Each structure stands twice: as C-alpha cells, then as structure tokens.
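Read top to bottom, the protein sequences are chains A and B. For the first sequence, this note's numbering gives the first residue as 346, with consecutive numbering after it. For the second sequence, this note's numbering gives the first residue as 346, with consecutive numbering after it.
There are 2 protein chains.
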Amino acid sequence: MKVLTKNTDYAIRALLALSAKKGSYLSAKSIATEHDIPYQFLRRLLQEMIRHNLIVSKEGVQGGFMMQKDPDEITVTELIEIFQGKVQVSECMFRKQICGNRARCVLRHEIMRIERVVQSEFEKVTIGKLLRDLEAASQVNQ
Amino acid sequence: MKVLTKNTDYAIRALLALSAKKGSYLSAKSIATEHDIPYQFLRRLLQEMIRHNLIVSKEGVQGGFMMQKDPDEITVTELIEIFQGKVQVSECMFRKQICGNRARCVLRHEIMRIERVVQSEFEKVTIGKLLRDLEAASQVNQ
DNA sequence: TTAATTGATACTAATATAGTATCAGTTTAG
DNA sequence: CTAAACTGATACTATATTAGTATCAATTAA
Chain A
346 MKVLTKNTDY AIRALLALSA KKGSYLSAKS IATEHDIPYQ FLRRLLQEMI
396 RHNLIVSKEG VQGGFMMQKD PDEITVTELI EIFQGKVQVS ECMFRKQICG
446 NRARCVLRHE IMRIERVVQS EFEKVTIGKL LRDLEAASQV NQ
Chain B
346 MKVLTKNTDY AIRALLALSA KKGSYLSAKS IATEHDIPYQ FLRRLLQEMI
396 RHNLIVSKEG VQGGFMMQKD PDEITVTELI EIFQGKVQVS ECMFRKQICG
446 NRARCVLRHE IMRIERVVQS EFEKVTIGKL LRDLEAASQV NQ
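Here you go:
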C-alpha cells in the first residue's frame with residue numbers, strides 16, 4: 346500500500362524548490378533537472394497547481410513558476426487530494442447510502458474514524474514546515 | 346486515494362462470516378453468495394489466508410473454510426499487508442538508503458511518523474472487535 | 001526575430017486491481 | 001462405487017491507475 350504516488354511526491358519537491366526561492370520565477374526545466382523529476386510530467390503537475398492557486402506562472406523567456414499560496418497554508422492532505430483524490434478508506438461501498446449489508450456499516454464506522462486520523466496527520470505537515478526542517482537539516486550537514 | 350482495495354475488503358467480510366460461525370466449515374460458495382463477493386475471486390483470497398494461517402480448509406463434500414487464528418489477533422493492518430503490501434508512504438525513494446536529495450530525507454522523517462500512526466490505527470481494529478460491533482448493531486436493529 | 005519559455009492536450013507504457021475460467025484432486029452421501 | 005459438492009492450483013482477461021513522452025501553439029525578453 347503506497348500512500349504518496351509520484352505525482353504528489355514530485356509536487357511536494359517542486360513546491361519546496363519554489364518556496365525556497367520565494368518571489369522569483371523558476372523554470373520547469375531547472376526544477377526538473379535539479380530535483381530529478383521527468384520534465385513533461387512536472388509541467389503537468391505545475392499546471393494543475395496553478396489551477397488550484399498554489400502557484401502562478403509567467404510565460405516566455407525568463408518565465409517560470411512562483412509561489413502564490415503561503416507555504417504554511419499548503420498541507421500534504423491538500424496535495425494528496427489534488428493528485429490522488431480525497432483520502433477515503435473504502436471507496437465503493439461505504440460512500441453509497443444504500444449499504445444493504447450490515448457488516449459494511451460496522452466497518453464503515455471504524456474506517457471513517459481512521460480516515461479522519463490520517464487526514465489530520467497529513468494536515469499537520471505543511472510545505473512551510475518541511476521547508477524549515479529542510480533548512481535546519483542543511484545547516485547541521487554543513 | 347483509496348486505502349482498502351476490494352481484496353482486503355472482501356477478506357474482512359469473509360473473516361467476519363467465518364468468525365460468526367466459528368468451529369464449523371463454511372463453503373466459499375455460501376460466503377460468496379451471502380456477502381456478494383465474486384466467487385472465484387473469493388476463493389483466491391481464502392487460499393491466501395490459509396497460507397497465512399488465518400483460516401483452515403477441508404476438501405470435499407461438506408468441506409469449506411474455518412477460522413484458525415483468534416479473531417482478536419487479526420488486525421486490519423495484517424490484512425492490508427497481506428493483500429496490498431506493507432503500508433508505506435512513498436515506496437521508491439525513501440526506502441533506498443541512497444537518498445542523495447536532502448528534501449527527500451526531510452519528507453521521509455514526517456512520512457515515517459505518519460506511517461506509524463496509520464499502522465497503529467489500523468492495528469486497533471481487529472476482526473474480533475468488528476464482529477462484536479456487528480453483533481451489537483444487529484441487536485439494536487431488531 | 002529568435003530562442004526560451006509556458007499552455008494545452010494527446011499519446012504510450014507499465015503496473016495494479018478486479019474478475020473469470022479450467023481442470024485436477026478429495027470427500028461424503030446415497 | 002460413483003456422482004456431486006467441495007478445495008487446490010493456476011492461467012487468463014479486462015479495466016483502471018499511475019507514470020512518462022511528445023507535440024505544437026502562444027508568449028516574451030534579449
């Protein structure tokens with residue numbers, strides 16, 4: 346069971362790169378090469394993040410992408426939801442109200458509790474927090 | 346993001362059915378029809394659970410499957426691990442020790458913490474607990 | 001005016017999930 | 001003793017998701 350897929354993962358790395366250079370434009374190309382992310386794949390992720398108002402772009406020479414939303418306001422939960430859909434434990438049957446089977450309903454109760462726990466844990470992790478951790482780690486490693 | 350896939354889900358339902366009739370053999374066919382699980386699919390899941398010593402089988406007429414392991418000792422974590430592989434937040438890069446990229450290491454720390462939280466939450470949910478919840482619910486609904 | 005860039009979108013490849021089919025072997029009821 | 005009800009084993013197909021590539025038009029700064 347894999348919790349973060351590549352796209353979420355790459356998106357996090359890209360946001361860390363952009364947050365570290367807040368206020369200036371970074372090209373998709375430079376992010377891709379520096380962070381070892383497939384270029385065209387990354388471009389699609391960046392587009393998606395523009396649509397969600399996490400970042401903005403500038404076209405043309407010297408163009409690129411820049412942070413828009415405050416990194417402390419961007420949670421991993423939000424990124425998972427954008428790139429992998431809402432966290433839900435068992436999609437098909439507990440969501441439908443039909444639920445003829447009693448066993449499902451019992452499971453559903455536990456499962457929604459865990460859903461909330463998972464979400465709230467991932468909500469504690471913001472891009473801002475990761476960036477600070479990253480900076481702290483890089484000082485130690487000097 | 347889907348946490349439980351069909352196989353885990355079906356496995357849980359089958360175990361609940363078997364636990365409810367502890368000590369007697371239930372055929373794959375009867376479980377499949379009663380719980381609306383594709384028959385051949387279920388059979389594979391049952392085989393897998395035999396391999397993991399959760400249940401035992403008896404061949405031939407009047408044969409079927411019976412619980413072996415104590416339902417209170419079977420956690421949802423265990424079932425997820427059997428059918429979906431170990432819970433891990435980001436498979437490919439944090440596991441390898443290589444980790445040339447510092448950003449990965451920072452994420453890795455948070456991510457392993459969450460991994461533990463998720464696992465421990467799912468460990469609280471056992472087949473035994475679900476069965477008791479199920480029985481309590483069915484009394485209320487009488 | 002051209003090279004570096006994003007916008008948009010279509011495409012392919014690989015993998016995981018879900019489900020089906022088949023045949024051999026075992027057991028018990030009649 | 002044999003036919004029917006079962007499991008054991010395994011191969012197969014279908015669908016969905018994830019991952020990655022390619023292409024071309026539009027924009028912009030040098």
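Glycine included, each C-beta is placed from N, C-alpha and C at the ideal position. This one's a predicted model, so the numbers in the text were calculated from it and none came from an experiment.
Reduced DSSP category for A/V462 - H, G, I as helix; E, B as strand; rest coil
Here residue 462 of chain A corresponds to residue number 117 of the first sequence, with the count starting at 1. Helix.
Three-way DSSP call (helix, strand, coil) for A/I419 in this model:
Numbered from 1 along the first sequence, position 74 holds the residue referred to as residue 419 of chain A. The answer is coil: DSSP assigns A/I419 none of H, G, I, E or B.
Using the Cα positions of B/L424 and A/I459, report the straight-line distance between them to the nearest angstrom.
Within the second sequence, numbered from 1, the residue matching residue 424 of chain B stands at position 79. Within the first sequence, numbered from 1, the residue matching residue 459 of chain A stands at position 114. If you take the alpha carbons of B/L424 and A/I459, they lie about 15 angstroms apart.
Burial state of A/N398 (16 or more Cβ within 10 Å):
As a working mapping, residue 398 of chain A is identified with position 53 in the first sequence. By the 10 Å Cβ count, A/N398 comes out exposed.
Taking a Cβ distance cut-off of 8 angstroms, strictly less, list which residues of the segment 373-390 of chain A are near chain B, in chain order.
H380, D381
Selected residue, minimal CA-CA separation from B/A373, among B/K367, B/Y384, B/K366:
As a first step, residue 373 of chain B must be located in the second sequence, where it is residue number 28. Nearest of B/K367, B/Y384, B/K366 to B/A373, Cα basis: B/Y384.
Beta-carbon neighbours of A/V406, restricted to chain B and to distances below 8 angstroms:
Here residue 406 of chain A corresponds to residue number 61 of the first sequence, with the count starting at 1. Under the 8 angstroms cutoff, chain B gives no residues; its nearest Cβ is about 28 angstroms from A/V406.
Just to confirm my understanding: we take B/I473, look at its own chain, exclude 5 residues before and 5 after, and list those with CB closer than 6 angstroms. What are they?
Within the second sequence, residue 473 of chain B is the residue found at index 128, counting from 1. The residue asked about is misnamed: residue 473 of chain B is Gly in this sequence, not Ile. P416, D417, listed in sequence order.
Looking at chain A, is there any beta carbon in it that lies within less than 8 angstroms of the beta carbon of B/V403?
Position 58 of the second sequence, counting from 1, holds the residue named residue 403 of chain B. According to the sequence provided, residue 403 of chain B is Lys. The question's Val does not apply to it. With 8 angstroms as the cut-off, B/K403 does not count as an interface residue toward chain A.
Contacting positions in the segment 349-370 of chain A - beta carbon closer than 9 angstroms to chain B
L349, T350, K351, T353, D354, I357, R358, L361, A362
Note down the Cα distance separating A/Q484 from A/E379, rounded to an integer number of angstroms.
What you label residue 484 of chain A is simply residue 139 of the first sequence in a count that begins at 1. What you label residue 379 of chain A is simply residue 34 of the first sequence in a count that begins at 1. Going from the Cα of A/Q484 to the Cα of A/E379 covers about 20 angstroms.
Cα separation between A/I382 and B/Q464?
The sequence position of residue 382 of chain A within the first sequence is 37, counting from 1. The sequence position of residue 464 of chain B within the second sequence is 119, counting from 1. If I take the Cα positions, the gap works out to 29 angstroms.
Within-8 angstroms CB hit, B/I395 to chain A
Indexing the second sequence from 1 puts residue 395 of chain B at position 50. False, the Cβ-Cβ gap to chain A never drops below 8 angstroms.
What's the C-alpha gap between A/A359 and B/I357?
One-based indexing of the first sequence puts residue 359 of chain A at position 14. One-based indexing of the second sequence puts residue 357 of chain B at position 12. So the two alpha carbons sit approximately 39 angstroms from each other.
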